[in-house]
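*Asks:* Sharing a structure here in structure tokens format.
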Amino acid sequence: MTNITHSTMPLSRSAKALPKNPLRALYPLAARDGMISLANGHPSPDACDHTGLQDALKTAAADPMTWRYGPTAGDPRLRSALADISGDQQDSVVVTSGAQQGIDLTIRTLCNAGDTVLVPEALYPATLSVMAACNVSAYAVPEDVGGICINGLDKAIWDSNARVLYLTPTFGNPTGSVLSEDRRAALLALCARMGVLIIEDDPYRDLWFEAPPPPSLWEMSKSNDARVIALRSCSKSIAPGLRIGWMLTPQEITPHLVAMKQASDLQSSGTAQMVALAYLSSGRFSGWLATVRALYQARHDALQKGLVAAGFDAPAVTGGMFFWARLPEHIDPACLFEATVAQGALYAPGEAFAACSQVNDITRYARFCFASNSLEKISQATDRLADAVHLSTT
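The opening position of the sequence shown corresponds to residue 1313 in the working numbering, with each subsequent residue numbered one higher.
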């Protein structure tokens, strides 16, 4: 009998080509004793309504559907509850195993091997992993502080011949930027004219501070000819452990996405769906969300103060979970990262989010998450960061 080794194990070209997620590579550093990580993208544990979720779990346990197979598109009652959040019809909703599965399903449904997808210059790196697994290339679209540049998008469409655009227009990851309503309208008009379908990754929409963000691309597309698939998530607003997200999809695309999901996992966890349904039906969601917004705004303010004091350019954001801060000009990025780790703090280097190797100046940026640490931990982390900046200049 032949012993199977790493050299003889049959692996697909896609598996071999799959890039390592650069954020996952930071996990061993984050696990060091005493390390304070501002690098992750995790909601804070105290942003979960544990009492409400425990009650929802008890309610779900008594529902027979919790323990049975269900429809691939999701339990009809949950689809209706999720549709109510955005004022949509149940038929527009497809429940997913987190928004990450939504990215996977849309790319696999819309793209052939060898296709190109338009993406922002800086983006959530797991999206690139999905694209690599499907042998789909990324084409970077220029951004400014307001998000994707429309003139740059126009040129990118012509140059790439791409027919799909992926972006996070509201509290972007990593940039925290929000596309203005005027720019959203221009983007929709351009994509409608050029036949480009938009994947709107929108997991942070509910995490605004003082005022709601502009209407979603999905909502605005109802009044024009643009085609949009919106990806939403319970992970950032309720609990990441549920692994429940949903897609809002045009009617003509829905059956294909459902068929692709059926081939992938048959259905999202029935137990998690029933817990999410029970929680949304309890009446606690909107009140708890207000608590989370206030919590995150206070942490945003504290982290911004500390970053600026340490010499970073860290403009305020109006919601979400992240700062996209520019490093002090006189410091080498690699040296600062090493010094920061040595001081017991961690951030996500800008190059971890690069759409391609040609993105200019991205090494001079870093992503800092303000959501996942207490005010005390944020103060300690920024003190350590300031020490690292000082050590990197001497």
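Ideal Cβ positions, reconstructed from N, Cα and C, are used throughout, including at glycine.
DSSP has Leu1430 in a bridge; who is on the other side?
*Replies:* Bridge partners of Leu1430: Tyr1451, Leu1477.
*Asks:* Quick one, which of Leu1703, Asp1466, Glu1663 has its alpha-carbon nearest Cys1647's?
*Replies:* For the residues Leu1703, Asp1466, Glu1663, the minimum Cα distance to Cys1647 belongs to Leu1703.
*Asks:* Could you give the residue range of the beta strand (DSSP E) that holds Ser1545?
*Replies:* Run containing Ser1545: 1540–1545, per the beta strand (DSSP E) assignment.
*Asks:* Alpha helix (DSSP H) containing Met1572: first to last residue?
*Replies:* Here the alpha helix (DSSP H) through Met1572 covers 1566–1577.
*Asks:* Identify, in the order they occur along the chain, each residue of the same chain with its Cβ nearer than 6 angstroms to the Cβ of Gln1402, setting aside the five sequence neighbours on each side.
*Replies:* Correct list, in chain order: Arg1391, Ser1392, Ala1395.
*Asks:* Could you tell me the distance, in whole angstroms, from the CA atom of Met1443 to the CA atom of Arg1539?
*Replies:* About 20 angstroms.
*Asks:* For the structure I just gave you, are there three or more beta carbon pairs, one from the region 1592–1604 and one from the region 1670–1681, closer than 8 angstroms?
*Replies:* No: the two stretches stay apart, fewer than three of their Cβ pairs being nearer than 8 angstroms.
*Asks:* Tell me, please, which residues DSSP counts as bridged to Gly1631.
*Replies:* Gly1631 pairs with Trp1520.
*Asks:* Under the three-state reduction of DSSP, which class applies to Val1490: helix, strand or coil?
*Replies:* In the structure shown, Val1490 sits in a strand (DSSP, three-state: E or B).
*Asks:* DSSP three-state call for Gly1399: helix, strand or coil?
*Replies:* Correct three-state label for Gly1399: coil.
*Asks:* Decide if Lys1573 is buried, meaning its Cβ has at least 16 other Cβ atoms within 10 Å, or exposed.
*Replies:* So Lys1573 counts as buried.
*Asks:* Are the CB atoms of Leu1615 and Phe1682 nearer to each other than 8 angstroms?
*Replies:* Contact: yes.
*Asks:* Taking Leu1710 as part of the alpha helix (DSSP H), name the residues at either end of that continuous run.
*Replies:* In this structure the chain extends from 1313 to 1706, so residue 1710 is not present and cannot be described.
*Asks:* Is the beta carbon of Ile1348 less than 8 angstroms from the beta carbon of Lys1689?
*Replies:* Result yes, Cβ atoms of Ile1348 and Lys1689 sit closer than 8 angstroms.
*Asks:* Rounded to whole angstroms, what is the Cα-Cα separation between Tyr1608 and Ser1356?
*Replies:* For Tyr1608 and Ser1356, the distance between alpha carbons rounds to 9 angstroms.
*Asks:* Skipping 5 residues on each side, what residues in its chain have a beta carbon closer than 7 angstroms to that of Ser1326?
*Replies:* Cβ within range, chain order: Ala1445, Asn1447.
*Asks:* Might you give, ordered along the chain, the residues of its own chain that have their beta carbon closer than 7 angstroms to the beta carbon of Gly1507, omitting 5 neighbours on each side?
*Replies:* Within the same chain, Gly1507 has close Cβ partners Arg1475.
*Asks:* Can you check DSSP and say which residues form a bridge with Pro1661?
*Replies:* According to DSSP, Pro1661 bridges with Ala1678.
*Asks:* Measure the beta-carbon distance from Asn1685 to Leu1350 and round it to whole angstroms, keeping in mind my assumption that it falls under 8 angstroms.
*Replies:* 7 angstroms between Cβ atoms; contact.
*Asks:* Between the Cα of Glu1433 and those of Asn1473, Ala1359, Pro1567, Val1457, spot the shortest distance and give me the residue it belongs to.
*Replies:* Selected option, being the one with the closest Cα: Val1457.
*Asks:* Just to confirm, are Asp1387 and Leu1569 a CB contact at a threshold of 8 angstroms?
*Replies:* Not a contact, by the Cβ cut-off of 8 angstroms.
*Asks:* For Gln1633, which of Pro1340, Ala1342, Lys1370, Thr1487 has the nearest alpha-carbon?
*Replies:* The residue asked about is misnamed: residue 1633 is Met in this sequence, not Gln. Minimum Cα distance to Met1633 is reached at Thr1487.
*Asks:* Taking the alpha carbon of Leu1479 as the reference point, which residue from Pro1437, Glu1564, Ala1425, Arg1420 has its own alpha carbon closest?
*Replies:* The residue with the shortest Cα to Cα distance from Leu1479 is Pro1437.
*Asks:* Specify, as a first and last residue, the run of the alpha helix (DSSP H) that Glu1650 falls within.
*Replies:* Element bounds for Glu1650: 1645–1655.
*Asks:* Quick one, which of Glu1455, Leu1435, Val1431, Ile1462 has its alpha-carbon nearest Ser1449's?
*Replies:* Among Glu1455, Leu1435, Val1431, Ile1462, the Cα nearest to that of Ser1449 is on Val1431.
*Asks:* Leaving out five residues before and five after Ala1610 in sequence, what residues of the same chain have Cβ atoms less than 8 angstroms from its Cβ?
*Replies:* Correct list, in chain order: Leu1687.
*Asks:* Considering only their Cβ atoms, is the gap separating Ser1580 from Val1405 smaller than 8 angstroms?
*Replies:* In this structure, Ser1580 does not lie closer than 8 angstroms to Val1405 by Cβ.
*Asks:* For the region 1619–1626 and the region 1651–1670, state whether three or more C-beta atom pairs, one from each stretch, are separated by less than 8 angstroms.
*Replies:* No: the two stretches stay apart, fewer than three of their Cβ pairs being nearer than 8 angstroms.
*Asks:* One question on the structure: do Gly1557 and Ala1411 come within less than 8 angstroms of each other, judged by their Cβ atoms?
*Replies:* In contact: Gly1557 and Ala1411 (Cβ atoms closer than 8 angstroms).
*Asks:* Do you know offhand how far Thr1566's Cα is from Trp1379's?
*Replies:* Their backbone Cα atoms lie some 26 angstroms apart in a straight line.
*Asks:* Give the straight-line distance between the Cα atoms of Thr1652 and Ile1643, rounded to the nearest whole angstrom.
*Replies:* Their Cα atoms are separated by approximately 12 angstroms.
*Asks:* Suppose contacts are defined by Cβ-Cβ distances below 8 angstroms. Is Met1532 in contact with Leu1500 by that definition?
*Replies:* Against a cut-off of 8 angstroms, the Cβ pair of Leu1500 and Met1532 comes out as a contact.
*Asks:* Output the boundary residues of the alpha helix (DSSP H) element that contains Met1586.
*Replies:* Run containing Met1586: 1582–1593, per the alpha helix (DSSP H) assignment.
*Asks:* Out of curiosity, what's the CA-to-CA distance linking His1612 and Ala1628?
*Replies:* One C-alpha to the other measures close to 8 angstroms.
*Asks:* Hey, quick one: how far does the alpha helix (DSSP H) through Met1443 stretch, first residue to last?
*Replies:* Per DSSP, Met1443 belongs to the alpha helix (DSSP H) from 1437–1445.
*Asks:* Tell me whether Ala1501 counts as near the ligand NAP, meaning its Cβ is closer than 7 angstroms to at least one heavy atom of that ligand.
*Replies:* Among the ligands in the structure shown, none appear at all, so the ligand NAP cannot be discussed.
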